[in-house]
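What follows is a single structure, written as C-alpha cells, with notes after it.
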Amino acid sequence: MSKLHVNLVSDTATQPTPAMLEAMFSAPVGDDVFRQDPTVNELEAFAAQLMGMESALFCPSGTMTNQLAIKVHTRPLDEVICEEKSHIYQYEGGVYSLISNVSLNTLHGERGKLLPGQISAAVKPEYDWLPRTRLVVLENTCNKGGGSIYTLAEAETLVKEARQHGLGVHLDGARLFNALAETGESPADWGKLFDTVSICLSKGLGAPVGSLLLGPETEIREARRYRKVLGGGMRQAGYLAAAGLYALRHHRDRLRKDNERARKLAEVVSRQPYVASAEKTESNICIFHLQDRSAETYLRQLSEHGIQATPFGQKTVRFTTHLGVDDRQIDYVIECLPKLAGRNQ
Ligand SMILES: *Cc1c(COP(=O)(O)O)cnc(C)c1O
Numbered sequence: 001m002s003k004l005h006v007n008l009v010s011d012t013a014t015q016p017t018p019a020m021l022e023a024m025f026s027a028p029v030g031d032d033v034f035r036q037d038p039t040v041n042e043l044e045a046f047a048a049q050l051m052g053m054e055s056a057l058f059c060p061s062g063t064m065t066n067q068l069a070i071k072v073h074t075r076p077l078d079e080v081i082c083e084e085k086s087h088i089y090q091y092e093g094g095v096y097s098l099i100s101n102v103s104l105n106t107l108h109g110e111r112g113k114l115l116p117g118q119i120s121a122a123v124k125p126e127y128d129w130l131p132r133t134r135l136v137v138l139e140n141t142c143n144k145g146g147g148s149i150y151t152l153a154e155a156e157t158l159v160k161e162a163r164q165h166g167l168g169v170h171l172d173g174a175r176l177f178n179a180l181a182e183t184g185e186s187p188a189d190w191g192k193l194f195d196t197v198s199i200c201l202s203k204g205l206g207a208p209v210g211s212l213l214l215g216p217e218t219e220i221r222e223a224r225r226y227r228k229v230l231g232g233g234m235r236q237a238g239y240l241a242a243a244g245l246y247a248l249r250h251h252r253d254r255l256r257k258d259n260e261r262a263r264k265l266a267e268v269v270s271r272q273p274y275v276a277s278a279e280k281t282e283s284n285i286c287i288f289h290l291q292d293r294s295a296e297t298y299l300r301q302l303s304e305h306g307i308q309a310t311p312f313g314q315k316t317v318r319f320t321t322h323l324g325v326d327d328r329q330i331d332y333v334i335e336c337l338p339k340l341a342g343r344n345q
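Using my numbering, read the sequence shown as starting at 1 and increasing by one per residue.
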C-alpha cells in the first residue's frame, strides 16, 4: 500500500464533514449572551431532551464545562473525589484550585474507574482541620484509563454510594457517546443518574468546537454566569452550535465504528515484539507500553510512515480513532506496525 497520512493523535483532530459545514452555513444566529441565538437555544434544548435533563449550556470547551460543574457544586475549601487518572486532575491545569478554591482527593481505582467502596472510604468526617468532601466526578469513557467504559450498573452503584454521603455527582462524559455506542444504554438513563454531565461535541462526534454542560435549571443558570465572567460568553455562536447539533443528530451511531477500529488496532499492537503490554481497548482509544524504545523514538519512526500518534508517558503511546480515520487507513497502519520491529533507535 502506498504511503498514507493517518492522524491518530486525538479524536479532536476531525474536520467538519461537508454536510456539517452546510448546516453551519445555513444556521440562523443571534447574540447568545442575550439568549437570542436560535441555533444555540435549539442545541441546548435538544441536548437536554436527549439526556433527560432540565437544562444545558453550550461552552467553548470540556475543560470549561467540567470546571463550571465543580464551581456550582462546591464552596471554597471543599474537596472533590475523583480517580487519579481523571481529566479534571491530569489535564485541566489544576484550575479547580483557581476557579473554585477546592482540592481534589484522587483515588487509585482500576483503569481510571472508581471501585465500589472507594467513595465511602474516602469521604472525610466533619472536623475543622479537614476539607469538606462535597462532590464526586466520574469519567466515562476514561481517557487515561485507555478509554475504559463504566456500565450504567457500575455507575449506579457508585452514585448511590456518593448520595448516601450527601455528595453531588458530576459525570465527565467527554466521550460518553463512545461508551453508549458500545453498551446500547440510553443517554437519558445516564442523565437522570447525575446532577450534572459534560459532553464534548469536539471529540469523536466531530464538531470543530464546543462542549455542553447539562443539569438542573438552577445550576445551569449559575454556570451561565460563571461562563460569562470567565470569558466564555460567545455571541453568534450558532454557527458552532449548528455543528454540534448536526453531530448529536448524525454522528452518535458511527462512534461504534471508531471503537471497532481501535480494537482492531489494539489487537495487532499487542502482538508486536516491541510492545511490552497494551491496555484493554473498549472504545476508541488504544494505549500501549513499549518494550525497547522511548515513545519519542517510536513516534518519529511512525511519522516516517505518515502516522501521527500521541506520547502518553516515557514509553507509552496512545492511538485514537475518529471520524477522520477510515478502514483503509487502519489497514495501512496495521501493515506498517511490524516494519518497526527491531528498530530500537
Ligand atoms: C477532552 C476531554 C475534556 C475536555 O477537553 P477540552 O480540550 O477542554 O475540550 C474533558 N474530559 C475528558 C475526559 C476529555 O477527554
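Even for Gly, the Cβ is constructed at its ideal location relative to N, Cα and C. It should be emphasised that the depicted structure is a prediction, and the values quoted were computed from it without experimental measurement.
- Residue environment: R343 is assigned as exposed (fewer than 16 neighbouring CB atoms within 10 Å of its CB, all protein chains considered).
- Assignment of F177 by DSSP, reduced to helix, strand and coil, places it in the helix class.
- In the DSSP assignment, L255 falls within the unbroken alpha helix (DSSP H) covering L255 to S270.
- Membership of I119 in the alpha helix (DSSP H) is indicated by the continuous run Q118 to A122.
- In the DSSP assignment, the residues bridged to T196 are H170.
- Under the DSSP assignment, D331 falls in the alpha helix (DSSP H) whose first and last residues are D327 to C336.
- Contact check between the segment 139-151 and the segment 98-115: three or more CB pairs, one atom from each, fall below 8 Å, which counts as touching.
- As computed with DSSP, N105 is found in a beta bridge with I81.
- Straight across, the Cα-Cα distance linking L201 with N140 is about 14 Å.
- Nearest to K3 by C-alpha distance, out of P208, C336 and G93, is C336.
- Between ligand 1 and the CB of R111, the shortest heavy atom gap is not smaller than 8 Å.
- CA-to-CA, the gap between K160 and L299 works out to about 43 Å.
- Secondary-structure assignment with DSSP links E110 through a beta bridge to K113.
- For a cut-off of 8 Å, the C-beta gap from G215 to M64 is around 14 Å, too long to register as a contact.
- By alpha-carbon distance to N41, the top candidate from A56, L50 and M51 is A56.
- CA-CA distance, G94 to M1, rounds to 45 Å.
- Counting other Cβ atoms within 10 Å of its Cβ, D128 stays below 16 and is therefore classed as exposed.
- T321 sits close to D11, with the two beta carbons spaced by under 9 Å.
- Residue environment for S198: buried (at least 16 other C-beta atoms within 10 angstroms of its C-beta).
- In summary, N101 is exposed, with fewer than 16 beta-carbon neighbours lying within 10 Å of its beta-carbon over all protein chains present.
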